[in-house]
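The structure under discussion appears below in the form of structure tokens.
There are 2 protein chains.
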Amino acid sequence: MQITILGGGGFLGRKLAARLAHEGSLGGEAISGLTLFDLHAPPGIEAPFPVRCLGGDVADPAQVATAIPEGTRVVVHLAAVVSAQAEADYELGLRVNLHGTLAVIEACRRLTQGPHASGATPPRVVFTSSVASFGGGQEARLEDDARQLPGNSYGAEKAAAELLLQDASRRGVLDAVSLRLPTVIVRPGRPNKAASSFVSAILREPLLGLQTELPVPEEFAVWICSPRRAIDWFLHAMAMDTTPLGLDRGINPPGRSATVGKMLSALESVAGPEARALVRHAPDPAIEAIVGGWPASFTAERARRLLGFSEQESLEEIIQGFIEDDLTATRAERGI
Amino acid sequence: MQITILGGGGFLGRKLAARLAHEGSLGGEAISGLTLFDLHAPPGIEAPFPVRCLGGDVADPAQVATAIPEGTRVVVHLAAVVSAQAEADYELGLRVNLHGTLAVIEACRRLTQGPHASGATPPRVVFTSSVASFGGGQEARLEDDARQLPGNSYGAEKAAAELLLQDASRRGVLDAVSLRLPTVIVRPGRPNKAASSFVSAILREPLLGLQTELPVPEEFAVWICSPRRAIDWFLHAMAMDTTPLGLDRGINPPGRSATVGKMLSALESVAGPEARALVRHAPDPAIEAIVGGWPASFTAERARRLLGFSEQESLEEIIQGFIEDDLTATRAERGI
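Chains as they are written, first to last, in the UniProt record's numbering: chain A, 1 to 336; chain B, 1 to 336.
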């Protein structure tokens with residue numbers, strides 16, 4: 001089967017590509033080819049199947065169509081402008097997060113329903129939506145049918161894109177699974193423009209021996225997941241039977257609600273008090289205004305009981321996972 | 001104040017324009033000019049202020065910008081491709097219902113935040129969303145925070161547009177009030193491509209002495225409002241204080257839940273059994289598949305108690321209103 005990863009050069013895209021290369025198959029079927037598409041062509045990877053690496057604009061329908069050739073069975077759409085950046089640059093956020101998704105729908109429609117359509121099975125589209133598409137804040141513990149009332153442009157664009165993907169699924173244009181990802185920790189690399197960047201930084205930077213700042217109080221709770229679990233969820237969403245989803249293509253996967261204080265305690269238990277001491281309190285109202293609106297918890301019953309998405313590890317296991325998977329590469333990348 | 005009505009040539013747009021011309025003011029302030037924009041330039045109207053009539057494409061940002069000139073204080077965005085048509089022509093629905101709203105946002109952004117912006121107060125944008133943006137069906141009685149999970153493209157496009165307008169309001173680009181209109185009865189003119197067209201037809205056609213078909217059973221319930229009340233709601237939404245709305249710009253106005261059987265009884269009480277006898281049962285699964293998914297009832301507490309939207313009349317008053325306001329013109333238009 002042919003697979004395309006849009007945003008294939010990003011942190012999760014690269015991990016997913018590596019995992020696919022390692023497995024060689026998906027849902028018991030051999031992978032015949034993989035396309036990695038990002039703003040700049042992602043580096044090639046070793047794989048038991050051909051890998052195409054393309055650079056381009058996800059909001060340009062023609063370029064996205066090239067990235068989703070005839071025969072594509074699965075598209076993983078990770079390409080996005082992150083929260084603080086979408087807030088700062090409205091046009092860019094709309095362009096990538098909304099028009100990018102419209103381009104994906106258009107590309108799939110060309111395959112399944114266009115004038116030259118091959119009558120193919122609607123491709124599975126795994127879309128990364130976000131916890132930021134909800135409101136509710138620290139007090140919230142959202143049910144699966146909670147309304148998306150986002151307090152940030154990134155979340156609004158993601159929620160709008162979900163609606164369009166859900167409708168395209170109903171029409172048989174594609175077969176969407178929209179995962180509202182929790183805040184993924186521990187992200188490797190450097191701090192980025194996501195408002196939630198600090199949630200990874202307070203764990204990653206001390207593990208690198210670097211000081212970092214905590215912009216919110218320690219009792220601040222965040223709905224999180226690990227990169228390992230995010231990849232497990234993607235693989236599950238890429239191959240699962242979507243019949244039980246019916247009309248509702250939005251899934252709140254089983255993340256974990258944890259306070260920043262608990263994360264720092266887990267850091268201390270894994271890496272000692274000297275690691276924790278590298279985290280300095282530096283309140284930032286702009287960051288808190290964005291992340292403070294995101295719900296701190298979900299019931300996630302549908303994903304857990306009906307749809308078979310795997311549970312989250314403990315905070316200690318999440319930190320250990322970063323040390324095993326990403327610490328060395330992050331050191332090298334940052335010259336530490 | 002300058003006002004623009006997009007979709008100003010349609011049934012509700014013309015009624016609203018006539019009402020504004022009659023009143024001469026809105027919220028105690030004199031109207032200084034009115035722009036009516038539609039696919040074809042709407043006919044001019046008599047008014048105590050200048051009226052511009054423009055024809056154009058609501059999905060073309062340049063044309064919409066022309067329709068929303070500097071100094072515009074209120075935009076009423078009624079331009080839409082209706083439900084059955086958006087279902088039949090996916091591209092057209094997306095273009096008008098989604099990209100049309102994006103063009104409105106862009107035009108308002110040029111006024112308030114663009115490089116040549118005058119720093120104007122964000123214009124009020126009254127957007128007609130729809131009951132079709134919800135699911136739930138006959139059993140539903142939806143709360144104000146119900147999730148929009150539409151089972152039709154029209155509803156998905158409207159719900160996505162609401163999200164984008166809500167976000168643009170939060171950003172100070174505009175000041176949106178999105179009214180999820182019930183099925184408006186009795187519509188004048190001819191049957192149209194809305195899946196709900198029959199709800200008006202079963203009352204209008206008999207009043208014209210014509211036979212008509214009922215595609216659903218008599219116990220089928222619909223969430224309805226009258227044209228008179230819809231216009232009252234528009235006027236209220238155009239001038240209301242939006243502070244109590246906060247982030248949530250979507251409003252379920254206080255419509256009425258009525259079965260088709262009750263509507264036919266009201267028809268009989270107003271126009272006699274011979275009128276009712278003109279309605280013939282002719283089940284249509286395609287129509288029922290669309291309208292059957294729309295919720296039959298809403299609590300509408302927020303609109304009613306917090307926001308001051310007016311209540312619905314009785315079914316008999318709604319029918320009487322059609323006879324008084326629209327029957328003669330409909331006869332003339334259709335040469336009956």
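Yeah, the Cβ is synthetic: ideal placement off N, Cα and C, and Gly gets one too.
All values derive from a computational prediction rather than experimental measurement.
#### Entry: Partners in chain A for Q138(B), counting only beta-carbon separations shorter than 8 Å
Correct list: empty, because the minimum Cβ distance to chain A is about 16 Å.
### Query
Among L327(A), A296(A), M240(A), S197(A), which one has its Cα closest to the Cα of A286(A)?
It is S197(A).
### Message
Looking only at its chain, what residues have a beta carbon closer than 6 Å to the beta carbon of A195(A), apart from the 5 residues adjacent to it on each side?
### Response
For A195(A), the CB contacts under 6 Å within the same chain, skipping 5 residues up- and downstream, are S83, A84, I287, I290, V291 in chain order.
### Query
Within the 8 Å Cβ cut-off, does G114(B) reach chain A?
G114(B) does not count as touching chain A.
### Exposed unless 16 or more other CB atoms sit within 10 angstroms - verdict on G250(A)
Looking at its Cβ environment, which holds 16 or more other Cβ atoms inside 10 Å, G250(A) is buried.
### Query
Quick one: what does DSSP say Q138(B) is sitting in, helix, strand or coil?
Helix.
### Task
Have a look at the DSSP bridge pairing and note the partners of E29(B).
Looking at the DSSP output, E29(B) sits in a beta bridge with L26(B).
### Query
Going by the beta-carbon positions, is the gap between P150(A) and G135(A) smaller than 8 Å?
In this structure, G135(A) lies closer than 8 Å to P150(A) by Cβ.
### Task
Evaluate contact between the stretch 26-42 of chain B and the stretch 97-106 of chain B, counting only Cβ atoms and requiring at least three cross-stretch pairs below 8 Å.
In short, these stretches do not touch, since the Cβ pair count stays below three.
### Task
Closer than 7 Å by C-beta to E70(B): which residues in its own chain qualify, once you throw out the five before and the five after it? Chain order, please.
Answer for E70(B): L111, S118, listed in chain order.
#### Entry: Chain-ordered chain B contacts of D171(A) [CB-CB under 8 Å]
In the sequence as presented, Asp is not what sits at residue 171(A); that position holds Arg. Under the 8 Å cutoff, chain B gives Y90, S153.
### Query
Of the choices L179(B), R304(B), L6(B), A21(B), whose alpha-carbon is the least far from that of A107(B)?
Restricting attention to L179(B), R304(B), L6(B), A21(B), the CA atom closest to the CA of A107(B) is found in L6(B).
### Query
Which chain B residues sit within Cβ distance under 9 Å of S166(A)?
Reading the sequence as shown, one finds Gln at residue 166(A) and not Ser. Proximity of chain B to Q166(A) at the Cβ level (cut-off 9 Å) is accounted for by L149, P150, A156, in chain order.
#### Entry: Same chain, Cβ closer than 8 Å to I323(A), five either side skipped, listed in chain order
Same-chain partners within the cutoff: L207, V270.
### Query
Hey, is D248(B)'s beta-carbon within less than 8 Å of any beta-carbon in chain A?
So yes, D248(B) belongs to the interface.
### Task
Answer yes or no: does any C-beta atom of chain B fall closer than 8 Å to that of L207(A)?
Under the 8 Å criterion on CB atoms, L207(A) is classed as non-interfacial with respect to chain B.
### Message
Assuming contact is defined by CB atoms lying nearer than 8 Å, are P188(A) and C225(A) in contact in what I supplied?
### Response
By the CB criterion at 8 Å, P188(A) and C225(A) fall outside the cutoff.
### Query
Taking 8 Å as the CB-CB limit, is D145(B) close to chain A?
Yes - at least one Cβ of chain A is within 8 Å of the one on D145(B).
### Query
Based on the DSSP output, what are the partners of T183(A) in its beta bridges?
T183(A) is bridged to I224(A).
### Query
Is P244(A) near D175(A), with beta carbons less than 8 Å apart?
In this structure, D175(A) does not lie closer than 8 Å to P244(A) by Cβ.
#### Entry: Assigned exposure category for I336(B) - 16 Cβ within 10 Å defines buried
A residue is called buried once 16 or more other Cβ atoms fall within 10 Å of its Cβ, and I336(B), having fewer, is exposed.
### Query
On the premise that A160(B) lies in contact with A103(B), defined as a C-beta separation below 8 Å, what is that separation, rounded to the nearest angstrom?
About 14 Å separates the two Cβ atoms, so there is no contact after all.
### Task
Could you confirm whether any beta carbon from chain B is found closer than 8 Å to the beta carbon of E159(A)?
This sequence places Ala at residue 159(A); Glu is not what is there. With its beta carbon less than 8 Å from one in chain B, A159(A) belongs to the interface.
### Task
Using beta-carbon positions only, say whether T128(B) and L181(B) come within less than 8 Å of one another.
A contact, by the Cβ cut-off of 8 Å.
### Query
Grouping DSSP H, G and I as helix and E and B as strand, with all else coil, what is S257(B)?
Per DSSP, reduced to three states, the secondary structure at S257(B) is strand.
### Message
Quick check: is the beta carbon of L163(B) nearer than 8 Å to any beta carbon in chain A?
### Response
By this cut-off, L163(B) is an interface position.
### Alpha-carbon spacing of A21(B) relative to G8(B), whole angstroms
If you take the alpha carbons of A21(B) and G8(B), they lie about 13 Å apart.
### Task
Closer than 8 Å, Cβ to Cβ, to anything on chain A: give me those residues from the stretch 264-291 of chain B, in chain order.
Listed in sequence order: no entries.
#### Entry: Proximal residues of chain A, C-beta to C-beta of G33(B) below 8 Å
In chain order: nothing, as chain A lies at least about 29 Å away.
### Query
Since L78(B) contacts A67(B) with CB under 8 Å, what's their CB separation in whole angstroms?
Incorrect: roughly 12 Å between the Cβ atoms, too far for contact.
### Message
Extract the residue ranges of the beta strand (DSSP E) inside the stretch 252-310 of chain B, only unbroken runs of 3 or more that lie entirely within it.
### Response
With a minimum length of 3 residues, the continuous beta strand (DSSP E) runs that stay inside the stretch 252-310 of chain B are 256-259, 279-281.
### Task
Figure out for me which residue from F220(B), S133(B), I105(B) has the closest Cα to the Cα of A62(B).
When only C-alpha atoms are compared, the closest one is I105(B).
### Query
Counting only beta-carbon atoms, is G100(B) nearer than 8 Å to chain A?
So no, G100(B) is outside the interface.
### Query
From the beta carbon of G119(A), is the nearest beta carbon of chain B less than 8 Å away?
Output row for G119(A): interface = no.
### Task
Go ahead and pull the three-state DSSP assignment for F11(B).
Helix at F11(B).
### Task
Please report how far the alpha carbon of A332(A) lies from the alpha carbon of M238(A), in whole angstroms.
Their Cα atoms are separated by approximately 32 Å.
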